[in-house]
Each structure stands twice: as C-alpha cells, then as structure tokens.
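Residue numbers (the numbering used here): 71 to 231.
All C-beta atoms, glycine included, are put in the ideal place defined by N, C-alpha and C.
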C-alpha cells in the first residue's frame, strides 16, 4: 500500500480571511509536521492550489514546501474534478490519502468525497484542518475518517518500510 498527503488551498488570500484566523496556526503546525514525516520517508506530498492569478494566491509563507512536492491547480472545490490528480496518484500506486487544509467544510470536504468516489481509502488529518469555525472542523472529524500524526508517523516509519 502506498500513501500520499494532500494539502488543500493553504494560500495567502485565505490566510487573511478573519474567519480562518483561529484555526490556521494549529492546522499549519500539524500540516508542516506531517509533510516532514512524508518527505523523510520518500512519500508523496501533494499541494493543491485554487487556480487564481496574483501573488495572494501563492502558498502561505509559513507552509513548508519542498521541490519534491507535487503541485496541482484546481478550478473547483473538489481537487479531483477536471484535474489530473487521480492519474498522478494512480501512477504512483497510491491507495490511501490523508487530506488536510482549508476550508474544512468546503474544498477539503469536497476533495475528501471526491477521493472516496474514485476508490481511494481516505482520512482527514486530525488537527490539520482550518475552517470558518471550530464547530465545522469538529463536525468534519466527527463524521469522517480521521488519523492522528502519531499514527501516521508509526505507519510511515515502521509499516511501510
């Protein structure tokens, strides 16, 4: 089994939105820690960006990005819709996705559902979501598969070797 880590819409334009202020910091910390685990184990990190023009749509300065990361641009909430994301993942033999990012209740949820519809086993990263409210983030965790960083670290460091 191969696993990939998706980071959805962690872009400067959304960072400035006051509605996200309370959740972005914690989510970024979890996302950066998780991406470090994946990179250390030579596992794919995919950065998904909503396709808009201008410097405000670049990834957030505090998001750690590596030259080995795969970049996917999207025009719709679901990162699989009218992109080559599925083909990229299938080509790498990925069966299991861990999804993180912003906004939990919109693009992250749409991408999560899109992954399931395309046959991927999928979880959201615990504490790796930003959204309009803590209640929305909690709802994402309550009704969907989630995985903790410590469980991912064990899987990546021990089971996938």
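Does residue 80 come out as helix, strand or coil in the three-state DSSP assignment? coil
Compute the minimum distance between the beta carbon of residue 185 and the heavy atoms of the ligand FMN, and state whether it is under 8 Å. No copy of the ligand FMN occurs in the structure displayed, which carries no ligand at all.
Looking only at its own chain, which residues have a Cβ that is under 6 Å from the Cβ of residue 155, when we skip the five neighbours before and after it? 142, 149
Is the separation between the beta-carbon of residue 196 and that of residue 225 shorter than 9 Å? no
Beta-bridge pairing of residue 171 - partner residues as DSSP gives them: 78, 199
Please report the distance separating the alpha-carbon of residue 205 from that of residue 190. 27 Å
Just list the alpha helix (DSSP H) runs in the region 120 to 172, keeping only unbroken ones of 4 residues or longer that don't cross its boundaries, in chain order. 155 to 161
Measuring only the C-alpha atoms, how far is residue 161 from residue 128? 26 Å
In its own chain, which residues sit with a C-beta less than 8 Å from the C-beta of residue 78, not counting the 5 before and 5 after it? 118, 149, 169, 170, 171, 172, 177, 178, 181
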